[in-house]
Amino acid sequence: MNAESDERNRVAERTPPASVPGAPERGERELGSRAPGFIKASRPLHVSWQVGVFIVGLGVVVAGVLMLVLPGPGWLVIFAGMAIWATEFVWAQLVLRWTKRKVTEAAQRALDPKVRRRNIILTTVGLVIMAVLVGIYVWKFGITMPWNISE
Numbered sequence: 004m005n006a007e008s009d010e011r012n013r014v015a016e017r018t019p020p021a022s023v024p025g026a027p028e029r030g031e032r033e034l035g036s037r038a039p040g041f042i043k044a045s046r047p048l049h050v051s052w053q054v055g056v057f058i059v060g061l062g063v064v065v066a067g068v069l070m071l072v073l074p075g076p077g078w079l080v081i082f083a084g085m086a087i088w089a090t091e092f093v094w095a096q097l098v099l100r101w102t103k104r105k106v107t108e109a110a111q112r113a114l115d116p117k118v119r120r121r122n123i124i125l126t127t128v129g130l131v132i133m134a135v136l137v138g139i140y141v142w143k144f145g146i147t148m149p150w151n152i153s154e
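Numbering-wise (our numbering), the sequence shown opens with residue 4 and increments by one.
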């Protein structure tokens, strides 16, 4: 699964953090397995741990994908599965860091007064268009359900 993670961790431990280009910024944890030490000490136990984490994460991600079409918080569950994978796999940690960065950037852009004004204007225009369409429907057919119209 993630056979090189032990080697990367050993190299990272020997390298001083200040000299590492692209070292984790404040608040970011270092990449690699977060398994307990006694599990990392035994290669077969660590591989079994990784397989277990992968299967649990896969189950959660599949449930999230199903919730995209069924009722439920699909994206939230998918990101929860990614977080489970990120406890053990570097690629999932990188995906989560990228996602967090993009969500933070989007939140900052949404708080910009110009963007908020534009969003309010677009929402208002959309609501006016919907109200006009509903008004035309009621004027033409009255208050009748669409499946009861005989024309």
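Here a beta-carbon is modelled for each residue, glycine too, at the ideal position from N, C-alpha and C.
Per-residue burial, Ala109 [other beta carbons within 10 Å of its own, 16 or more giving buried]: Taking the first residue of the sequence shown as 1, we reach residue 109 at position 106. The residue is exposed, with fewer than 16 neighbouring Cβ atoms inside 10 Å.
What's the gap between the Cα of Val141 and the Cα of Val131? By 1-based counting over the sequence shown, the position of residue 141 is 138. By 1-based counting over the sequence shown, the position of residue 131 is 128. Going from the Cα of Val141 to the Cα of Val131 covers about 15 angstroms.
Tell me which same chain residues have a C-beta within less than 7 angstroms of the C-beta of Ala38, skipping the five on either side of it? Taking the sequence shown and counting its residues from 1, the one referred to as residue 38 is at position 35. Closer than 7 angstroms at Cβ, skipping near neighbours: His49, Trp52, Glu91.
Mark Ala89 as exposed unless 16 or more other C-beta atoms lie within 10 angstroms of its C-beta, in which case mark it buried. Counted from its first residue, the sequence shown places residue 89 at position 86. Ala89 comes out buried.
Can you give, in chain order, each stretch of the alpha helix (DSSP H) that sits fully within the stretch 62 to 119 and has at least 4 residues? 77 to 89, 93 to 113
Alpha carbon to alpha carbon, what distance is there between Val128 and Ile146? If you number the sequence shown from 1, residue 146 lands on position 143. If you number the sequence shown from 1, residue 128 lands on position 125. The alpha-carbon atoms of Ile146 and Val128 are separated by roughly 24 angstroms.
Count the other CB atoms, across all protein chains shown, that sit within 10 Å of the CB of Val137; report buried if there are 16 or more and exposed otherwise. Taking the sequence shown and counting its residues from 1, the one referred to as residue 137 is at position 134. So Val137 ends up on the exposed side.
How big is the Cα-Cα spacing for Val63 and Leu73? Counting from 1 along the sequence shown, the entry for residue 63 is found at position 60. Counting from 1 along the sequence shown, the entry for residue 73 is found at position 70. Approximately 15 angstroms between the Cα atoms of the pair.
Mapping DSSP to helix, strand and coil, what is Val141? On the sequence shown, position 138 is the one that residue 141 refers to. Here Val141 sits in helix by DSSP.
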